[in-house]
Structures are given as structure tokens and as C-alpha cells.
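Asks: Note that my numbering has the sequence shown beginning at 5, numbered continuously upward. Where a beta carbon is used, it is the ideal one built from N, C-alpha and C, also for glycine. The model shown is predicted, which means the values in this text are computed figures rather than measured ones. Have a look at this one before I ask anything.
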Amino acid sequence: MLHFIVNIKSGRGKALKSVRKITDYCALHAIEYSLHITRYHGHGAEIAKELSLIPDTIIVAIGGDGTFHEVINGIENFDNVTVGFIPCGRGNDFARTAKFKKKPVEALKDILKGEITYYDYIQVGNKRCLNVAGTGMDVDVLLRVDGSTKKLTYLKSLITCLAKFKPYKITVTVNGETNSYDCIMVGVCNGRAIGGNMKICPFAEIDDGQLELVIVTVPNGRIAPCIPKFLTGKHIGQYWTIHTPCESVLIESENPVQLDGEIYKDLTLDCKIVKKGIKTFKIN
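Next comes the structure, spelled out in C-alpha cells:
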């Protein structure tokens, strides 16, 4: 039995079209399933919590990074659950790193083959994060476009944030050292990209047992030289970018944070890698 948790609003209608293809395929091939449609923010976590109590259950999240985030945060006992992912969102940043199939039926076929693998995830306080946890300009951009489905709005918000930029002050404790920085943003990466394939850490892996800490600082008080390189993933190796592999990191800041693109206003980025924490399906 496959238990689908679907956000039909994901991807500006893409998820609704995808779930129709998926259920048609299941009906044609006599595949038993249950369908659970999320109705409000956080509903996916509630559904996942209930389903995760079923012994040896398979939960398949259909949607974008936000839907995946809700589902993994709802699961009570990962030992009891195998999680499948079918990407239908706008950004699909985690899906891109994981190399999930873009076509929903093809992604479903990987799940149906039943070959098991494991992904790491980031434990952030009492929350879980699949892709990237961080704070800085990316969070301000997300706050400005909250509830919008228009890519243009995101770009306009980015331009506004650049025009009004003030450095974000953070204190970072990692690998036994504590330092303070003025930064554009900081990311704790399990995956590679944010904001629809802006490559914050192009070589991050979701199954290598480590995190990649990336701090984009403000060289000489100017951010203009940094942004083009950051947007194309060429900031790594620049003198104004700090990259530190680690297994845990504490980032103290007065700013809101984001986990998988979801905003948290009262959460400290106390991040730890959970190695092979998610049982999932191998991509063929």
C-alpha cells in the first residue's frame, strides 16, 4: 500500500496534473494506494504523523520542497517508514540534488521497484531539514514573496533586498571555533541549491555523512561583486566566501531562519547531521 500525501497547489497546478497521472497509472496496474490531500499549512505533517504509526508503511510525498519538509517533520519513527518523493513544485531544489525523475510516473516507477537507499538530513533543534538551513538575504526575499506564486515577484523582491541591504550579523561555532561575521547569507547544506537552483554549495551530497557550511561575507562593505558569482554557484573559493565541512554547527543570529524554504521566526540554527536518517528509494 502506497500512502500519497499531496499538495495539489504545488507548482502552480503541476501537482494536480501529476497526481492524476499517478493515480491513473496505479488504477491501470492494480497498485493499491490511499490519497491524502493537504488542506492547510502544516497539514502534511499531521497526515504523515498518523500514517507513520502504521507498521512498515510507505509514505510518498507529492509536491515541492515545502511539502517534503512537512512530511519528514511529521513522521514519528523513521525506522518504521520508507519515504518516497515525487517532485511537483516550483523550485524543486532538493529533488534536483537527489536526481528524482521529473516525470511523475517515472518517479513513481523508481518507488515501485523497491530498491532501498538512505539519505542524510539536518536536525535543527526539534525540526528536520532535507536540503539547506540558513539565514540572511534569502530569508528576507522569502518573507517578501510569502504566498505569491509569481517568479517575477521573487526577482523584484531580490532587487529590493539588494537596494536596501544591510549586513546580517551572525556568530558561528563550528569545529571547536567561534567567530562573528557580517554576511550576505549563511547556509548549512545537505543539498546543493536554494531559490530554484541558486547553487549555494554545488558539490554537496545528501548521503555523504557531512554538512557543508557556507558563509557569504561582505567584502569591503560591498555586495555588488558577490551577487553574480553567488547566483551562478561560483562564489565557492572566493576570498569572501567561507566554506567549512562539518557534522554540526551553531549559528546565532537575531534574524528569522529558513529550513527547506520554510520560515521559522523563533528557531536557532543549531544544526547536526543525521547520517542515513531517511530510508527511501534508489533512483534508477
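Within 8 Å of any Cβ in chain C, is that where the Cβ of D274 sits?
Replies: In summary, chain C is missing from the structure at hand, where a single protein chain is found.
Asks: Over what stretch of residues does the beta strand (DSSP E) that includes S252 continue unbroken?
Replies: Taking the first residue of the sequence shown as position 1, residue 252 is located at position 248. First-last of the beta strand (DSSP E) with S252: 252-256.
Asks: Ordered along the chain, which non-local residues of its own chain (more than five positions away) have a Cβ less than 6 Å from that of S252?
Replies: Here residue 252 refers to the residue found at position 248 of the sequence shown. Excluding sequence neighbours, S252 sits near K276.
Asks: Going by alpha carbons, who is nearest to N194 out of L20, A228, V278, K170?
Replies: Here residue 194 is taken as the residue at index 190 of the sequence shown, counted from 1. Looking only at L20, A228, V278, K170, the smallest Cα-Cα distance to N194 is reached by V278.
Asks: May I ask you to list the residues that DSSP assigns as paired with R132?
Replies: Along the sequence shown, one-based indexing puts residue 132 at 128. Answer by DSSP bridge pairing, in chain order: Q127.
Asks: Assuming C275 is part of the beta strand (DSSP E), what are its boundary residues?
Replies: As a working note, residue 275 is residue 271 in the sequence shown. Its beta strand (DSSP E) spans residues 273-285.
Asks: Quick one: any contact between the region 174-181 and the region 101-118, if contact means 3 or more CB pairs under 8 Å?
Replies: Output reads no: the region 101-118 does not touch the region 174-181.
Asks: Quickly, what does DSSP pair K21 with across the bridge? List them, please.
Replies: The residue labelled residue 21 in the question sits at position 17 within the sequence shown. For K21, which the question treats as bridged, DSSP gives no partner whatsoever.
Asks: Between R94, K280, N81, which lies nearest to G67 when the distance is taken from Cα to Cα?
Replies: As a working note, residue 67 is residue 63 in the sequence shown. Closest option to G67, Cα to Cα, is R94.
Asks: Going by beta-carbon coordinates alone, are L147 and I267 separated by less than 8 Å?
Replies: Numbered from 1 along the sequence shown, position 143 holds the residue referred to as residue 147. Numbered from 1 along the sequence shown, position 263 holds the residue referred to as residue 267. Cβ distance < 8 Å, so L147 and I267 count as in contact.
Asks: Indicate the three-state DSSP secondary structure (helix, strand or coil) for T245 in the structure shown.
Replies: Numbered from its first residue, the sequence shown carries residue 245 at position 241. In the three-state DSSP reduction, T245 falls in the strand class (E or B).
Asks: Could you check what DSSP says for A99 in three-state terms: helix, strand or coil?
Replies: As a first step, residue 99 is located in the sequence shown; it is residue number 95 there, counting from the start. DSSP places A99 in helix when its eight states are reduced to three.
Asks: Report the CB separation of S56 from N84 in whole angstroms; it is logged as a contact under 8 Å.
Replies: Numbered from 1 along the sequence shown, position 52 holds the residue referred to as residue 56. Numbered from 1 along the sequence shown, position 80 holds the residue referred to as residue 84. The pair is a contact, with the Cβ atoms about 6 Å apart (cut-off 8 Å).
Asks: What would DSSP say about M141, mapped onto helix, strand or coil?
Replies: As a first step, residue 141 must be located in the sequence shown, where it is residue number 137. If DSSP states are grouped into helix, strand and coil, M141 belongs with the helices.
Asks: Would I188 and S257 qualify as a contact pair, given that the criterion is a beta-carbon distance under 8 Å?
Replies: What you label residue 188 is simply residue 184 of the sequence shown in a count that begins at 1. What you label residue 257 is simply residue 253 of the sequence shown in a count that begins at 1. S257 sits away from I188, with the two beta carbons spaced by 8 Å or more.
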